[in-house]
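In mature numbering (1 follows the signal peptide of the UniProt record, and there is no 0), the protein residues as written are -19 to -1, 1 to 151.
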């Protein structure tokens, strides 16, 4: 009996995750396809509304929704992912981005969202904003807000991002 207890002890200690944070363990077990998943248009716009437009854009809000931060910070921003079909989210003091693999209906759904949520938004020329920016709107608010969509390619797959930028925010 004593030998069985000793064996159980060694097996349990050999499998312990000592020194591994909960975030690291969750990220290591995550399906890689869910880092930037194929989110439905409704889920993507809902995430943008909740985390970018309404806010607050902070760690506590994203963690409460089940998101986990990626270990590396992009200068000034922090990216969060979740192991399901909700989009990736990146936040900073002046910016918020929601990104997913491109799917049918995303562009139309976001255009409709902009028209309903920001009726005074003015379309602006996306060309000076970057080569991958497809559409952009200026919203008269305090601080002034720029909302844009971006489409990029990654390993042959297209990704779609919804961006909220408030240059004067702190």
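Cβ atoms here follow ideal geometry from the backbone N, Cα and C, with glycine treated the same way.
Nothing here was measured: the structure is a model prediction, and the numbers come from that model.
Quick one: using the 10 Å Cβ neighbour count with 16 as the cut-off for buried, is residue 1 buried or exposed? When all chains shown are included, residue 1 counts as exposed.
With a 10 Å radius around its C-beta and 16 neighbouring C-beta atoms as the bar for buried, classify residue 136 as buried or exposed. Residue 136 comes out exposed.
Could you check what DSSP says for residue 95 in three-state terms: helix, strand or coil? Three-state result, residue 95: helix.
Thinking C-alpha only, which one of 80, 120, 95, 146 is nearest residue 138? Selected option, being the one with the closest Cα: 80.
Can you grab the Cα-Cα spacing for the pair residue 44 / residue 67, in whole Å? If you take the alpha carbons of residue 44 and residue 67, they lie about 13 Å apart.
On a Cα-Cα basis, can you pick out the residue from 103, 18, 75, 114 that is closest to residue 148? Ranking the options by Cα distance to residue 148, first place goes to 75.
Quick one: grab the DSSP three-state call for residue 116. In this structure, residue 116 counts as strand in the three-state DSSP scheme.
Along the chain, where does the alpha helix (DSSP H) containing residue 43 start, and where does it finish? Looking at the DSSP string, the run of the alpha helix (DSSP H) that includes residue 43 is 40 to 45.
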